[in-house]
Amino acid sequence: MTDTTPPAASEVLTDVHQGVGRIRLNRPKALNALTTPMVAAIDDALAAWESAPLTAVVLSSTSAKAFCAGGDMRAIRRNVLAGDAEASERFFATEYRLNARIAEHPVPIVALIDGICMGGGLGLSVHGGYRVVTENTVLAMPETALGFFPDIGAGYFLPRLPGALGMYLGLTGHRLDAADALYTGLATHFIPADRLHLVPDALAGHPHTPIDTVLKDLGDGSEVPHSKLAAVRPDLDRAFGAPTLADIRAELHRTETPWAADTLATLDSVSPRSLDITHALLTAGRDRTLRACLTADLHLARTTILEPDFLEGVRAVLVDKDHSPAWQPT
Numbered sequence: 001m002t003d004t005t006p007p008a009a010s011e012v013l014t015d016v017h018q019g020v021g022r023i024r025l026n027r028p029k030a031l032n033a034l035t036t037p038m039v040a041a042i043d044d045a046l047a048a049w050e051s052a053p054l055t056a057v058v059l060s061s062t063s064a065k066a067f068c069a070g071g072d073m074r075a076i077r078r079n080v081l082a083g084d085a086e087a088s089e090r091f092f093a094t095e096y097r098l099n100a101r102i103a104e105h106p107v108p109i110v111a112l113i114d115g116i117c118m119g120g121g122l123g124l125s126v127h128g129g130y131r132v133v134t135e136n137t138v139l140a141m142p143e144t145a146l147g148f149f150p151d152i153g154a155g156y157f158l159p160r161l162p163g164a165l166g167m168y169l170g171l172t173g174h175r176l177d178a179a180d181a182l183y184t185g186l187a188t189h190f191i192p193a194d195r196l197h198l199v200p201d202a203l204a205g206h207p208h209t210p211i212d213t214v215l216k217d218l219g220d221g222s223e224v225p226h227s228k229l230a231a232v233r234p235d236l237d238r239a240f241g242a243p244t245l246a247d248i249r250a251e252l253h254r255t256e257t258p259w260a261a262d263t264l265a266t267l268d269s270v271s272p273r274s275l276d277i278t279h280a281l282l283t284a285g286r287d288r289t290l291r292a293c294l295t296a297d298l299h300l301a302r303t304t305i306l307e308p309d310f311l312e313g314v315r316a317v318l319v320d321k322d323h324s325p326a327w328q329p330t
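Residue numbering for the sequence shown follows full-length UniProt numbering, beginning at 1 and increasing consecutively.
In structure tokens, the structure reads:
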């Protein structure tokens, strides 16, 4: 075993074992919420392995509850309130560089998504080639509820999901289980949680077998429940395929189903400014490369974290947890 432990040793554990690089997130009390040193440590490890003779890189968590809850938005808010927005900008710049490295890495990356995976957690996983989910998986891009926007390259990957699924997920922050994650394409494989620990050794033991085959074999024919999103897909595509936010709302009003009513209530509860930004970002992202989307994310992040809605959204959801934000008019 070759130890390549990066600077954030206690929160990001890395090693190479029998030709498989392993990165484990180890900040369980914070649900692996990402800090700048954590992101830099992951990036350093992947950079060091770009020319290494590895079969795969496996990205996982030591937490039983979460793969990664996203970026540490409370810390970002504290930086802004302390007058140190540059510290938060460094976080986003480092994170987006890592997102691009994952997408372009020459060694296949396998993310083991057990438990919560939100925001920056999708940035660690969705840009890689293999995203394994379990019966415990919960995926979401919940940024509009925080007065922020779906970043980490979501402007690239959300518009490329089937139909209008990406616009729906980006605007509402809807939470997906394993079945929905597989249905949308955000996940590629299902393996029961009690078999997930077998993945690194299985990959190491079968270096000449396609990774897809190894993962499917570990899934052991497990049946995944039907996707709930599939049941509302026609209404979803019609509403969220509309060209403007006003048109989306109008279609939802015309639909007159419990799903449509719940979705309207969700849109009414999140930041109006974030909805505007997200709709524009995802619309423009259809014609952008991933790197262009990440550049746009950085420009937007610089200004959005200074806005009252961001400070208020993070306060309401993550700090005071009263879930009663006072949004600014759009």
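Cβ atoms here follow ideal geometry from the backbone N, Cα and C, with glycine treated the same way.
Asked, Found
"Contiguous alpha helix (DSSP H) assignments of at least 4 residues, all confined to the region 219 to 272", "228 to 240, 245 to 255, 258 to 269"
"Option nearest L290 by Cα separation, candidates T55, D151, P142", "D151"
"Stretch pair the region 25 to 35 + the region 76 to 85: three plus CB contacts closer than 8 Å", "no"
"Separation of V107 from S51, as counted between CA atoms", "8 Å"
"Span separating the alpha-carbon of A261 from that of A316", "23 Å"
"CB contact flag (L275, P159, <8 Å)", "no"
"Spatially closest choice to A265 from T172, G155, D297, by CA coordinates", "T172"
"Opening and closing residue of the alpha helix (DSSP H) in which A40 lies", "36 to 48"
"Nearest candidate by alpha-carbon position, reference I116, set L25, P162, F310", "L25"
"Rounded C-alpha distance that separates A187 from D180", "9 Å"
"Residues bridged to D151 [DSSP beta-bridge criterion]", "For D151, which the question treats as bridged, DSSP gives no partner whatsoever."
"Under 8 Å between C-beta atoms of A111 and S88", "no"
"Alpha carbon of D44 to alpha carbon of A69, nearest angstrom", "21 Å"
"Nearest to L218 (by Cα), restricted to the options H206, D287, H299", "H206"
"Cα-Cα separation, F92 to P225", "36 Å"
"Per-residue DSSP class, three states only, for V80", "helix"
"Proximity winner among T278, L161, P53, relative to T244 (alpha-carbon distances)", "T278"
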